[in-house]
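Here is the structure we will look at, set down as structure tokens.
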Amino acid sequence: IVKRSFTVYMNFVESNVPCTQFYKVHVDSEAPFYNVYGGTQDNNSLGTPTRNTTAHGIRNSDWFITVGGDGYETQVDPTNSNIVYSQWQYGGLVRYDKLNGETLDIQPQPAWGDPQYRFNWNTPLLISPHNHKRLFYGGQVLLQSDDMGNSWREISGDLSRNLDRNKLEVMGRVWSVDTVAKNKSTSMYGSLITVDESILREGLIFAGTDDGLVQVTKDGGENWTKYDKFPGVPDMSYVGDIMADRFAESTVYVCLENHKKGDFKPYLLRSDNYGKSWKNIAGDLPERGMVHCIEQDTENQNLLFVGTEFGAFFSLNGGENWVELSSGLPTIAVRDIDVQRRENDLAVGTFGRGIYILDDYSMLRDLSEEMLEEQTRIFPIKDALMYHTRTPLGGGGKGNQGDSFFTAENPTYGAVFTYHIKDKVETRKEIRQSAESELKEEGEDNPYPSWDELKLEDREESAMLYLEISDSSGEVVRRINASNSSGIHRTSWDMRYAALHPAGNEPSTGSGPMVAPGKYSVQLFLYNNGIITSLGNSSEFNCVPLGVATLPAEDRVELVAFQQKCVKLQRALRATSRVCNDAQDRVQKLQASLFSMPDVDQELVTELQSLETRLTDLREALSGDPTKPRRSESAPPSLSARLGKVIWGSSESTSSPTGTHRQSYALVAEKFPPILEKVRELVGTELTEIENK
Numbered sequence: 012i013v014k015r016s017f018t019v020y021m022n023f024v025e026s027n028v029p030c031t032q033f034y035k036v037h038v039d040s041e042a043p044f045y046n047v048y049g050g051t052q053d054n055n056s057l058g059t060p061t062r063n064t065t066a067h068g069i070r071n072s073d074w075f076i077t078v079g080g081d082g083y084e085t086q087v088d089p090t091n092s093n094i095v096y097s098q099w100q101y102g103g104l105v106r107y108d109k110l111n112g113e114t115l116d117i118q119p120q121p122a123w124g125d126p127q128y129r130f131n132w133n134t135p136l137l138i139s140p141h142n143h144k145r146l147f148y149g150g151q152v153l154l155q156s157d158d159m160g161n162s163w164r165e166i167s168g169d170l171s172r173n174l175d176r177n178k179l180e181v182m183g184r185v186w187s188v189d190t191v192a193k194n195k196s197t198s199m200y201g202s203l204i205t206v207d208e209s210i211l212r213e214g215l216i217f218a219g220t221d222d223g224l225v226q227v228t229k230d231g232g233e234n235w236t237k238y239d240k241f242p243g244v245p246d247m248s249y250v251g252d253i254m255a256d257r258f259a260e261s262t263v264y265v266c267l268e269n270h271k272k273g274d275f276k277p278y279l280l281r282s283d284n285y286g287k288s289w290k291n292i293a294g295d296l297p298e299r300g301m302v303h304c305i306e307q308d309t310e311n312q313n314l315l316f317v318g319t320e321f322g323a324f325f326s327l328n329g330g331e332n333w334v335e336l337s338s339g340l341p342t343i344a345v346r347d348i349d350v351q352r353r354e355n356d357l358a359v360g361t362f363g364r365g366i367y368i369l370d371d372y373s374m375l376r377d378l379s380e381e382m383l384e385e386q387t388r389i390f391p392i393k394d395a396l397m398y399h400t401r402t403p404l405g406g407g408g409k410g411n412q413g414d415s416f417f418t419a420e421n422p423t424y425g426a427v428f429t430y431h432i433k434d435k436v437e438t439r440k441e442i443r444q445s446a447e448s449e450l451k452e453e454g455e456d457n458p459y460p461s462w463d464e465l466k467l468e469d470r471e472e473s474a475m476l477y478l479e480i481s482d483s484s485g486e487v488v489r490r491i492n493a494s495n496s497s498g499i500h501r502t503s504w505d506m507r508y509a510a511l512h513p514a515g516n517e518p519s520t521g522s523g524p525m526v527a528p529g530k531y532s533v534q535l536f537l538y539n540n541g542i543i544t545s546l547g548n549s550s551e552f553n554c555v556p557l558g559v560a561t562l563p564a565e566d567r568v569e570l571v572a573f574q575q576k577c578v579k580l581q582r583a584l585r586a587t588s589r590v591c592n593d594a595q596d597r598v599q600k601l602q603a604s605l606f607s608m609p610d611v612d613q614e615l616v617t618e619l620q621s622l623e624t625r626l627t628d629l630r631e632a633l634s635g636d637p638t639k640p641r642r643s644e645s646a647p648p649s650l651s652a653r654l655g656k657v658i659w660g661s662s663e664s665t666s667s668p669t670g671t672h673r674q675s676y677a678l679v680a681e682k683f684p685p686i687l688e689k690v691r692e693l694v695g696t697e698l699t700e701i702e703n704k
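Quick note, the sequence shown lines up with residues 12 to 704 if you use my numbering.
Put into structure tokens, the structure is as follows:
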């Protein structure tokens, strides 16, 4: 699981501790980076971008509050992400303008003489998937607005049991009015908790109440059908979440819970006939841990997600079996889940540890017993967004803000590859040790290997897997290491060429220029015992500019070509400098050897001294004369410094190279070849002749 936690400063808690209690979570569709919203205990309804172009990630200052109080459900207009509907407890409702920060109260009010609406602490709010101006809001009745909350009408009667809570037993008895804190800070009773409209059929609405009812209408509220009995579920259990299936009109899912009566079992049901009959799909969920919420994948009907009191789970077979999303997600109450359809991200709202986001869960769609038997598989790859990260805090991470400054991770930058390896490629030693372990478990002897076998083990290199990235013409642009262990892995490519180093130099962790936008492909390869083998087919993906530059290069291909030739020239300069440095070392050893001889040859001493002086001149021609800088005086930039400044100066920009950059490159390209020829003559011929003498 790729984890990212988001939090906001909370009263009496240090700002670097992610411990906000979220009741609800919602994602919008803003591009290129979407926002996540949540309603919190005592700390408002609020939202934040889930990604930015900085090297620091999401800061507390990136959050914005949409309304105060105990926050609850947020809904964002799918056609305009600046229109945000936001709540606080007991049904408070506003329309928030993200562009200017204004809020407009749009809470429905009953007609004169009608009873007050019973809005639960957790009031259901929904934008219709068929009309972005249509809102549904639930008290004891379901209310509908077709003008973005400006006016409301009731589309149902009382959908609850309409019981008097003051006549219900609490802790085994009925309590009178003077009981301490009677009804204080508790929800109204007999109200809607959850509402969903089918994306397949307009007017097909499912609703659930806090007193154990599921109500269904197929005609937009004209007629309702009530269901009050569910197999294996205690009567009047709280209907915490209801979800209309995205693929089958008649299918609906319901999460119920009964914890107020000391019952912590997971009750999760599915109906395939609009609610007439129900099937338990809690499967092998832990016996203790209520189910709070459910979500369904947008492409695979059988891929489900649930949030429970003790974590989040997913199912690949419609609820028969469940797997915990445990890597990186703490054991915490998951109160709400939402899916960002464009990015295939799973947003998880926890009650006490902030919001977590599983980036691009799409590989779960392809998981199957058959797939896991394949030796390798690269899952589909999302478009990689191309931009240069900013550092407004100075440096990376938390910049200079100190460790107590809270930041939440951005998603992994670059092209992200998710791949599966069935079996690790083992060495001879690992194969022998595995066989010996089996013999040991069976009580058999372990024969000592022969010396020839041990020699082969000692000489054998470990197998290496790597991912090879190629451009649309088939030219390899980068190779990155891949894990050789069995299982599902995720790694990324920063969309840059490899750094070019002179042969024999240890490669650094740096990278070369950013590639040009376009189509690329990636494939797994195995290097084992000197043999390279391709594993599986290649997978294509796109590198797409973010489009936020004020002065972008008119021709990105030409920009990359210029950066590439600068780096290649730099490689030649560095290699030549290294040859000069190596030659200097050889000269010093020759001088030491010469003066240790019984008879010093003065002619050879003079010849060697002359060579050393000319070698020093060549080194200074490449890297600069150190005479003035040693004495804190400025000196003209060397060839290496000029070219290095061009590369550094344009490596973090998508703008065209400046005229100064092009002039500097042209100057170095002109001055370097004669120096290279002199180095070849001096080192390749003269120094070798002196060594022979």
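Using N, Cα and C, we set each Cβ at its ideal position, and we do this for glycine too. Please read all numbers here as calculations on a predicted model, not as lab measurements.
Determine the closest residue to E420 out of N553, G498, S248 and T59, with distance taken between C-alpha atoms.
Reading the sequence shown from its first residue, position 409 is the one you call residue 420. With distances taken between Cα atoms, E420 lies closest to T59.
Quick one, which of L146, G407, P403 and S202 has its alpha-carbon nearest Y249's?
Residue mapping note: residue 249 aligns to position 238 of the sequence shown, counting from 1. When only C-alpha atoms are compared, the closest one is S202.
Euclidean distance between Cα positions of Y20 and N46
In the sequence shown, counting from the first residue as 1, residue 20 sits at position 9. In the sequence shown, counting from the first residue as 1, residue 46 sits at position 35. Because Y20 carries a pLDDT of 29, less than 50, the predicted location of this residue cannot be relied on, and the following value inherits that uncertainty. Approximately 18 Å, taken between the alpha carbons.
Rounded straight-line distance, which links the Cα of F33 to that of R176
On the sequence shown, residue 176 is found 165 positions in, with the first residue counted as 1. On the sequence shown, residue 33 is found 22 positions in, with the first residue counted as 1. Cα-Cα distance, rounded: 27 Å.
Ranges of the alpha helix (DSSP H) found wholly within the region 453-477, counting only runs of at least 4
462-470
Leaving out five residues on either side along the sequence, give the residues of the same chain with a beta carbon under 8 Å from the beta carbon of D371.
Counting from one through the sequence shown, the residue named residue 371 turns up at place 360. The residues are V13, E354, N355, D356, K393, V427 and T429.
What residue does the alpha helix (DSSP H) around A632 start on, and which one ends it?
If you number the sequence shown from 1, residue 632 lands on position 621. Start and end: Q613 to S634.
Give a yes or no on whether 7 Å exceeds the smallest Cβ distance from D347 to chain C.
In summary, chain C is missing from the structure at hand, where a single protein chain is found.
Below 7 Å between beta carbons: does that hold for H431 and R388?
Walking along the sequence shown from the start, residue 431 turns up at place 420. Walking along the sequence shown from the start, residue 388 turns up at place 377. Taking 7 Å as the Cβ cut-off, H431 and R388 qualify as a contacting pair.
Burial state of Y459 (16 or more Cβ within 10 Å)
Here residue 459 is taken as the residue at index 448 of the sequence shown, counted from 1. Per the 10 Å Cβ criterion, exposed.
Between D505, S503 and G318, which lies nearest to K35 when the distance is taken from Cα to Cα?
Position 24 of the sequence shown, counted from the first residue, corresponds to residue 35. Of the candidates D505, S503 and G318, the one whose C-alpha sits nearest the C-alpha of K35 is G318.
For the region 645-665 against the region 567-579, do three or more pairs of beta-carbon atoms, one drawn from each stretch, fall closer than 8 Å, so that the two count as touching?
yes
With a threshold of 16 other CB atoms inside 10 Å of the CB of R470, please say whether the residue is buried or exposed.
Numbered from 1 along the sequence shown, position 459 holds the residue referred to as residue 470. With fewer than 16 other Cβ atoms within 10 Å, it is exposed.
On the CB-based measure, 16 or more other CB atoms within 10 Å of its CB, does Q613 come out buried or exposed?
Numbered from its first residue, the sequence shown carries residue 613 at position 602. Exposed.
Return the CA-CA distance between I686 and T627, expressed in angstroms with no decimal places.
Along the sequence shown, one-based indexing puts residue 686 at 675. Along the sequence shown, one-based indexing puts residue 627 at 616. Computed Cα separation, rounded: 12 Å.
Should T228 and I216 be called a contact, given that it needs their Cβ atoms to be closer than 7 Å?
As a working note, residue 228 is residue 217 in the sequence shown. As a working note, residue 216 is residue 205 in the sequence shown. Cβ atoms of T228 and I216: closer than 7 Å.
R653 versus L562 - alpha carbon distance:
As a first step, residue 653 must be located in the sequence shown, where it is residue number 642. As a first step, residue 562 must be located in the sequence shown, where it is residue number 551. Near 24 Å, if we compare the C-alpha coordinates of L562 and R653.
Helix, strand or coil at H512 according to DSSP, with G and I counted as helix:
Stepping through the sequence shown from its first residue, residue 512 is reached at position 501. Coil.
Bridge partners - Q581, DSSP secondary structure assignment:
For the purposes of this step, residue 581 is taken as residue 570 along the sequence shown, with counting starting at 1. For Q581, which the question treats as bridged, DSSP gives no partner whatsoever.
Assign N142 to buried or exposed, taking buried as 16 or more other Cβ atoms, counted over all protein chains shown, within 10 Å of its Cβ.
Within the sequence shown, residue 142 is the residue found at index 131, counting from 1. N142 is exposed by the Cβ-count criterion.
Given this structure, state the Cα-to-Cα distance separating N55 from G160, to the nearest angstrom.
Position 44 of the sequence shown, counted from the start, is the residue given in the question as residue 55. Position 149 of the sequence shown, counted from the start, is the residue given in the question as residue 160. So the alpha carbons of these two residues sit roughly 21 Å apart.
Taking the alpha-carbon of T65 as reference, which of P245, T197 and G406 has the nearest alpha-carbon?
As a first step, residue 65 must be located in the sequence shown, where it is residue number 54. It is G406.
Proximity below 7 Å, CB of E165 to CB of V152:
Numbered from its first residue, the sequence shown carries residue 165 at position 154. Numbered from its first residue, the sequence shown carries residue 152 at position 141. For E165 and V152, yes; Cβs fall inside 7 Å.
For H67, which three-state DSSP category applies?
Start at 1 with the first residue of the sequence shown, and residue 67 comes out as number 56. Coil.
Let me know the secondary structure DSSP gives I253 once reduced to three states.
As a first step, residue 253 must be located in the sequence shown, where it is residue number 242. Here I253 sits in strand by DSSP.
Between D88 and S494, what straight-line distance do the alpha-carbon atoms span, to the nearest angstrom?
Within the sequence shown, residue 88 is the residue found at index 77, counting from 1. Within the sequence shown, residue 494 is the residue found at index 483, counting from 1. Rounded to the nearest angstrom, the two C-alpha atoms are 42 Å apart.
Could you pull out every unbroken beta strand (DSSP E) segment of at least 3 residues lying fully inside the region 343-379, listed in chain order?
345-351, 356-361 and 366-369
Distance check for E41 and E335, CA to CA, integer angstroms please.
Within the sequence shown, the letter at position 324 stands for residue 335. Within the sequence shown, the letter at position 30 stands for residue 41. If you take the alpha carbons of E335 and E41, they lie about 30 Å apart.
Is the beta carbon of L629 closer than 7 Å to that of V690?
For this step, residue 690 is matched to residue 679 along the sequence shown. For this step, residue 629 is matched to residue 618 along the sequence shown. It is a contact, given that the beta carbons lie within the stated cut-off.
Mind checking who R401 pairs with in its DSSP beta bridge?
Residue numbering aside, residue 401 sits at position 390 when the sequence shown is read from its first letter. Looking at the DSSP assignment, R401 forms a beta bridge with T65.
So, using beta-carbon positions, are F147 and Y101 closer together than 7 Å?
If you number the sequence shown from 1, residue 147 lands on position 136. If you number the sequence shown from 1, residue 101 lands on position 90. Cβ atoms of F147 and Y101: not closer than 7 Å.
With H303 as the anchor, note down where its beta strand (DSSP E) starts and where it stops.
Here residue 303 refers to the residue found at position 292 when the sequence shown is read from its first residue. Here the beta strand (DSSP E) through H303 covers V302 to Q307.
State the CB to CB distance for the pair T418 and G68, rounded to an integer number of angstroms; the pair is presumed to be in contact (CB under 8 Å).
Translated into the one-based positions of the sequence shown, residue 418 becomes position 407. Translated into the one-based positions of the sequence shown, residue 68 becomes position 57. That pair is a contact at about 4 Å.
Between the alpha carbons of V533 and A446, how many angstroms are there, rounded?
Looking up residue 533 in the sequence shown gives position 522. Looking up residue 446 in the sequence shown gives position 435. Cα to Cα, V533 sits roughly 35 Å from A446.
Between the C-alpha atoms of R346 and R376, what's the straight-line distance to the nearest angstrom?
By one-based count along the sequence shown, residue 346 stands at place 335. By one-based count along the sequence shown, residue 376 stands at place 365. Roughly 24 Å between the two C-alpha positions.
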